[in-house]
Structures are given as structure tokens and as C-alpha cells.
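Notes to accompany the following structure.
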Amino acid sequence: MTGSRVGRFRVWMSACWTGGLMTRRRLPLLLLVLAVLLAGGWWWQRERPDPAVMHVFPGVRGPAKASKIVEPPRTRIAQFDRGGPHRLAILVTDPQSGWLGLVRGFRAHGVPITVTQDPAKALTHKVVLVYPIVSGRVLSAEQLRALAQHVRDGGTVLAFNLAGGGLGELFGVGEGTEASSRLRLRWTRTTGEPESDEIVVSSTGEAKVSSVGYAPGTADVAARFDDGSVAAACRRVGGQACVLGVDLGSLAQRAMNGRAEALARRYVNGYEPSLDSLFRWVRDLYVAGEPMPWLVSTAPAGREVSILFTHDVDYGPSVHNALAYADALKARGVRGTFFVQTKYMRDYNDKVFFDDAAVADVKGLLARGQEVGSHTVAHSREFERMDLGSGRERYPRYRPFVETDTKVRDATILGELRVSKFLLDRLAGADVVSFRPGRLAYPFTLPQALNASGYRYSSSITANTVLTHLPFQLTDGRADGALQPVFEFPVAVEDEEAPPLLQRLDAADALVARVARDRGVATVLIHPNVVGDKLAFETALADRWKGRAWMGSTQAFGDWWTARDALDLDVEPRGAGWLLTARAPKGAADVEVVLPKAAKGSTTLRLPPGGRATVAIP
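Start counting the sequence shown at 1; every next residue gets the next number (the UniProt record's numbering).
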């Protein structure tokens, strides 16, 4: 209670005594009144923000609607058991395996797939992957004979673990030995690039991935493990019988789930094609073995690569500096992403900088056509260890306070997501759908928390860590079971390594060029704490790739990518040629369908949401 309230209460108590009102009968009532007043004073002091610690936006409270975490159903094989026979077939012989990693990887690479547990259906396709194991324990003798006959009849069969069934002679390899101690795979056809010629396939801890090394035989060897055993090989017998000793599904799951950090050869700013090169090797088997293969390009039509210019606004001067970056991008017709920290609490990290002036600057970013995303409230390294939260966290009662580099109180994951998005939307007029955590701290519950809080796109981990330069769909709990409707855009280039960013322009340009060879995505992370060299780097990189690269924001590319991911395509014979059918639930804007064996080579789809099209392929 304030001093004036205490004084009035004392006068009233004195009157009660002198007037003879203080009786035993009324004592409980007076005690209750006293308790209520004390509780009210405590609540008022607790709820009243300290202006020396917190910036308050008068009349602003929210978000009103709670965020509810809904556990999604487990993703089922049946969801992908569709499509015509000219797709790549994945025959799953163990539903508890990492088959979902194959789905995520092939969809990212634009390879059409049908996933089934029915061997007869799989063998209606020309190219069949049998995952994870081929043996008499999971396939009958008749089914094993059918696989062998499929190869003799001109089909392609790829086995990951050839554990039995008497097919060793057909595949042209000797006995396989299973182990998790093999760390590297080296391709026999080298390029002269160390990162491409030798890739990582296992490490320690959660990054330990089992592999099967085969004894050499009559098959042509495509790759060997670091112990000299055969890692990948094919034998031609009518068609092709191939083996790949890497558990590609498991490797993809661990990498994309951010559970294989020990695999990374460096943290960021380097080319890391380990996962991509394995998927591309299988993709090429599909293209070679299918009469009319098709692939969905990973870059918009007419572009070699996609560059996402993103900025982490997490320091006082950065808020206003961001306008200079926005002006430079706008002058080049480019829309970037500015992940803004809504720092309204003064704590160990920094003073308050999300205030009325910052809101005006954020509005300025939007007025310049830029995307505004969330960069949390607290920007704490402990974000990955915070409690998930209740989903009812609201401003101004949500007051996360960073005490040290490793300690934060009154903070939750949902609070960081909900409140930052609310303030940017409510005060600046943004429509936040993209998120990046401070310090790239990555909690296991982030995918479901993002979905529950209204986000669609994340940029929370580096490309080197996930072993791919392509976006991919996240899973619940960063685990194997269920897909979440949120996509990750990993960081390829960032500004905190030495030497200063402008001195690394040529190195960054070379990295983008290597990513461009396979039409990948290069996400650039810049802190606009200064304007000079970093801004010069960004403009120079944009100018070097003008006309060749698609350049834009996380949201813009994310919308294109998710629409691409939702496409349903098939080909079928029609007269002397073929017919491509396309269904676009989310539309298709400049999506190129590559047709490696067609005379034209490709076709470009431009369809509205819900649109359909048929394209004749001569």
C-alpha cells in the first residue's frame, strides 16, 4: 500500500477503537479487510512496471488468444502412398525406420516419390528403393525373386542394407558388415573439392549413424568408406542393382532435426554438401532408370540460386541502422528480412531499445517493402533450455529478465514467440510469420511452439550443421514421428566470424557459386550494428548476383517453397509422347519442372491456388 492509503487505514482503525466498534464479532471482518488491502497492495506493486527496468506502451495488452500446443498425429506411410508409376518408389520394409527422412530429403530435392509397404505396388515403378533392409526376414522368397527379376527386366533396385535373401551375386558385392564407426565416405569420381569428394556420414553421440560396408565384387564402385569397404556400387544386369551402405533416412532425420551437430566440419560460412550429395546420387539413379523422369526445380524459373538477405536487429543502434540496409535493398528491388528483438526490458544483455522510436523505425522497414520477423524478447542463450510455457503469456505481464549469460528468469519459449510477434504486429502493423532465435539457440520444442504461435518459417540453425543447402520441413519435437507445417531455412553466411565481413566478400561469393551449381539456397545473416563495411558487403553481393539469383525475404521465398512443396505432379504416356498433369493447391509461381529426357528439357508452371494444368511432352 502507498503511504496515503496506510494513513487513511490507521485513522479508520483508530475510529473503530474509540467508537467502540472493535468487538469480537467484528474482528474477523476487520482482519479480512486488512488481508484484502495488503494483498491488493502487493498485487499493485507487482503489476506496476518499474519504468527504470521496463518500457511500457500505454493501453497495449496481449495477445488475448492463448497458444495451444496440439500434438499432431504420427506421420503415416499411407500419406505418401499415392501417385503414378513413373515416380521413384520407396518400399519400406520396417515402418519404425527413418523412412520419413527420405521423404523430407527427396521432397526438398524435388524428386517425385511414392512410399509404400506393398512390394507388388513398388515393382510397378521402374526405379525402386528398398529401405531399410533386404532380407528373408522382411520379404518372402517370392518377393525377393520378384526384386531380382525386376532388375533383369530392365528396372533399377537400390538396397541400403543387403542383409540376406541370396541377392549378393545379383548386386555384385560381397558380404556386408554393419558398424557405426565409419565416419567418412569418399566418391571414386572426384571433383578436386575436398568437401564434395569426401563427405561425413557419422560421428559420435546422437550423430552416430550405422552403415553397412560391403566387400568388393563385380559391381562398379561409386564410393568407399574410410575403412576401405564399399559404400555405394551398381551392377548392370539388364537394369541396375545398386547398394548404398549409408542409412540415408536416419542420417537425414538426425541432420534435419538438429541432432547431428558433431557431424559438421565447421559451424557456418562453409560449403557442406554431405547430405545433398547422397540424395543427388539417388536422384541420378532415378533419372537414369525412369523412361520419363521429372524433377521440381529448387530455384524459381530462370534463376541459378536463391539468396535470402536476413538481418538480426538485436542491439540499440541496429534498429535505426536497419533503415540504411532497407534503403539499399529497396534501391535494388530486393525485399529482405529484419528479425527484430522486442527488447522492452533493461537487463544484463542491454538497455531497453524497443520503444516508441524503435516502433517508428520498424514501421519504416515495412514502408520500404521489407519483411519484419521476430527475434524474441530476451535474446537469451538459455532460450533452448527455457520451459515451454503456458501459452497464455501476455504483455505487459510477461517480463523476461536476463541475469547473466547463462541465467534468465520469468521467460518461456511460448512467451518469447507470442509476445514478440504480438508487439510487432500490434504496434508496427507487421504480419510476422518468420522467426530466428537469439544466438541460434534451438530448443527441441521449437517446431510445435512456432506452429502454435502463428509462425510458418524458421531460420534457426546453420546449413553446415544440417549438412544441406536446401530448406526442409520441421518435425514435432525435432524427432522422428510427425511433420509440423513449419519450414526451416538454414543460415549459410553470417557476419561474426573473423575476418570482417567485407574482407570475406570473395569467399562468400564463391560459397554462393558452389550452392548455385545445384540451385540451392544461401541464407545470409547480418547484424546491422554498423552501417559501413557490412552494408557494403550486402550491396556488393547483391550486385554480383543481379539477374542470376532470386533475391528476397524469408517469407516471400517461404511462400514460393511451400507452394512448390504442395504440388502434385504426374506423367503418363499419351500417344507417341507423354502428358504432365499438375495440381497446385497453393498455386505455382514460376515453378520449373525439369524433364531430363524430354526434347524441351523443362516447363514452367504458373497456376493460381487450386489450379490445374496439363502439359504435352513430345
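All C-beta atoms in this analysis are idealised placements derived from N, C-alpha and C, irrespective of residue type, glycine included.
Three or more beta-carbon pairs separated by less than 8 Å link the stretch 215-230 to the stretch 172-191, which places the two stretches in contact. Residue nearest to Val593 within the set Asp565, Arg574, Gly577 and Glu538 is Asp565 (criterion: CA-CA distance).
The beta-bridge partner set that DSSP reports for Phe472 consists of Glu488.
Beta-carbon to beta-carbon, Ala549 and Arg381 are separated by about 33 Å, too far to satisfy the 8 Å threshold.
The stretch 410-424 makes contact with the stretch 59-69; the number of CB pairs closer than 8 Å reaches 3 or more. Between His86 and Glu290, the beta carbon gap of about 6 Å places them in contact (Cβ cut-off 8 Å). A direct Cα-Cα distance of roughly 14 Å separates Pro573 from His125.
The C-beta distance from Leu88 to Tyr286 rounds to 4 Å, short enough to meet the 8 Å contact threshold.
The alpha-carbon of Ala540 is positioned some 42 Å away from that of Trp99.
Shortest Cα-Cα distance from Asp247 to any of Arg182, Ser196 and Gly270 involves Arg182. Bounds of any beta strand (DSSP E) do not take in Val466; it lies within the alpha helix (DSSP H) bounded by Ala463 to Val466. The beta carbon of Ser374 lies closer than 6 Å to those of Ser420, Lys421, Val432 and Phe435 in the same chain, with the five residues before and after it left out. Between Leu139 and Thr204 a beta carbon distance of about 33 Å is seen, past the 8 Å cut, so the two are scored as non-contacting.
Taking the C-beta atoms as reference points, Thr156 is found no nearer than 9 Å to Gly105. A contact is defined here as three or more CB-CB pairs under 8 Å, and the stretch 333-353 fails this definition with respect to the stretch 567-586. Burial is judged here by how many other beta carbons sit within 10 angstroms of a residue's own beta carbon; Thr114 has at least 16 and is buried. Taking the CA atoms as reference points, Tyr398 sits about 43 Å from Ala507. Between Cys242 and Tyr442, the alpha-carbon positions lie close to 38 Å from each other. The alpha-carbon of Glu198 is positioned some 33 Å away from that of Ser553. Every alpha helix (DSSP H) of 4 residues or more that sits fully in the stretch 192-244 is shown, in chain order, as 194-197.
If one requires a minimum length of 3 residues, the beta strand (DSSP E) runs lying completely within the stretch 257-320 are 305-313, in chain order.
In this structure the stretch 304-311 does not touch the stretch 126-146; the number of beta carbon pairs closer than 8 Å is below three. By the neighbour-count definition (other C-beta atoms within 10 Å, threshold 16), Val60 is an exposed residue. Residue range Ile413 to Ala428 is occupied by the alpha helix (DSSP H) that includes Ser420.
The secondary-structure analysis by DSSP pairs Glu169 with nothing; it has no beta-bridge partner. When DSSP states are grouped into helix, strand and coil, Glu538 belongs to the helix group.
Our two residues, Tyr271 and Ala141, have alpha carbons roughly 45 Å apart in a direct line. For Asp568, the uninterrupted beta strand (DSSP E) segment begins and ends at Asp568 to Arg574. Contact holds between the stretch 452-462 and the stretch 481-489, because three or more Cβ pairs, one in each stretch, are under 8 Å apart. Non-local beta-carbon contacts of Arg74 in its own chain, meaning distances under 8 Å to residues more than five positions away in sequence, involve Gly481 and Ala482 in chain order. Using a Cβ-Cβ distance cut-off of 8 Å, the stretch 363-372 and the stretch 322-331 are in contact, since at least three pairs of beta carbons, one from each stretch, lie closer than that value. In this structure, Glu494 lies away from Asn321, with their beta-carbon atoms at least 9 Å apart.
Phe401 and Gly136 have their alpha carbons spaced roughly 60 Å apart. Shown here, Thr376 sits in coil according to DSSP, grouped into three states, outside any helix or strand.
Where Leu88 is concerned, the enclosing beta strand (DSSP E) starts and stops at Leu88 to Val92.
Here the C-alpha atom of Ala299 lies approximately 13 Å from the C-alpha atom of Thr603.
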